[in-house]
Amino acid sequence: MKFIKIPFLLLWRIWFYMLMTITILIMVPFMLILTAKESYYPVFWKMVRLWSFTLIYGIGFCLKITKDKNIEENKSYMFCPNHSSLMDPFVMVALSKNPIVFIGKKELVKIPIFGFFYKRVVIMVDRSCPKSRKRVFRKAKEKLRNGVSMGIFPEGLVPTENIPLAPFKNGAFSLAIEFQIPVVPQVYYDCKRLFSWDFFKGGPGVFRIHQKNFIETKKLTLADVDQLKKQTFDLIYQDLINDKKYMKDTNRPNNEQKFKSPL
28 MKFIKIPFLL LWRIWFYMLM TITILIMVPF MLILTAKESY YPVFWKMVRL
78 WSFTLIYGIG FCLKITKDKN IEENKSYMFC PNHSSLMDPF VMVALSKNPI
128 VFIGKKELVK IPIFGFFYKR VVIMVDRSCP KSRKRVFRKA KEKLRNGVSM
178 GIFPEGLVPT ENIPLAPFKN GAFSLAIEFQ IPVVPQVYYD CKRLFSWDFF
228 KGGPGVFRIH QKNFIETKKL TLADVDQLKK QTFDLIYQDL INDKKYMKDT
278 NRPNNEQKFK SPL
């Protein structure tokens, strides 16, 4: 039965990349204008949200969202979801009406067309360079002054699929404390199961998301980074390991192979 599904899965994946390419090409003229000035970013964000919904629903997914607390307009947050799928950034964008600035890897600049706009709207970081990390703090401070939120996948990588949740890095939590903004833990249960890095598994379905209660950072100092990181990790980890569908997929046989984003 699995081998019968493979041609359909490959066609489905091809459709995703076709849809992504077509929509990017359509948006190019608008992106040239909307990424030209910082003041245009809220309008740019609305277009990116529309694009994210188009990709999510256009390939057969829908969102089922549980929120312990709603975000407020014109307020900054630090969004911290688990990371296991190429769909994760699109889900994060779809969830927030508030504009979010991502911190991303500089390597993605090399992607044709996408890379040109990526470097104009994303704060790029070279994790091997201390000067790059200082630049991230400076650029983030500029963005957060305007009520923009930040989105960071605190694992810093996509773990192998037999790992429920990889250890968190400090960056997101240092920034949250530095700028006294709440941390918003988000749990993505189904992105790995339904749109894995493995081309030979997955399929259309429902992405379940749980937006946990926010963790306030007021009165915290940089000495509390480890505590804040552990608190966020524990909230997400407990949700994941108690979800039967997520753990069944995580514990499936021969699940140790590393998969990297085709981007």
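Under the working numbering, think of the first position of the sequence shown as 28, with each following residue one higher.
Virtual Cβ for every residue (Gly too), placed ideally from N, Cα, C.
Computed from a predicted model, the values in this text were never measured in an experiment.
Asked: Sub-9 Å separation of PRO126 and GLY183 beta-carbons; Found: no
Asked: Per-residue DSSP class, three states only, for LYS219; Found: helix
Asked: Exposed unless 16 or more other CB atoms sit within 10 angstroms - verdict on ASP253; Found: exposed
Asked: Where the alpha helix (DSSP H) through SER79 begins and ends; Found: 68-85
Asked: Beta carbon of PRO108 nearer than 9 Å to that of PRO209; Found: no
Asked: CB of VAL185 within 9 Å of CB of SER112, strictly; Found: yes
Asked: Under the three-state DSSP convention, the category LYS245 falls into; Found: coil
Asked: Three-state secondary structure assigned by DSSP to GLN258; Found: helix
Asked: Integer Cβ distance of ASP106 from MET114, believed to fall under 8 Å; Found: Checking the sequence shown, residue 106 turns out to be Phe, not Asp. Not a contact, Cβ separation roughly 15 Å.
Asked: C-beta atoms of THR259 and PRO181 nearer than 9 Å; Found: yes
Asked: Where THR93 falls, given that 16 or more other Cβ within 10 Å makes a residue buried; Found: exposed
Asked: Touch test, the stretch 74-94 against the stretch 220-235, Cβ-Cβ under 8 Å, three pairs minimum; Found: yes
Asked: Length of the line joining the Cα atoms of ASP276 and ARG220; Found: 6 Å
Asked: 8 Å contact criterion, which ILE83 and PHE117 should meet: CB distance rounded; Found: 6 Å
Asked: Nearest-angstrom beta carbon gap, GLN238 and ASP95 [assumed within contact, 8 Å]; Found: 6 Å
Asked: TYR264 and ILE236 closer than 9 Å at C-beta; Found: no
Asked: Exposure of ALA199, with buried meaning 16 or more beta-carbon neighbours within 10 Å; Found: buried
Asked: Contacting residues, own chain, Cβ-Cβ under 6 Å from SER223 (five flanking each side not counted); Found: GLY229
Asked: For TYR104 and GLY178, the rounded distance between their alpha carbons; Found: 8 Å
Asked: One or two residues paired with PHE106 in a DSSP bridge; Found: GLY178, VAL211
Asked: Buried or exposed by the 16-neighbour rule on C-beta atoms within 10 Å, applied to VAL70; Found: exposed
Asked: Neighbour-count burial assignment, TRP42, 16 or more Cβ in a 10 Å radius; Found: exposed
Asked: Residue range of the unbroken alpha helix (DSSP H) whose run includes GLY198; Found: 198-205
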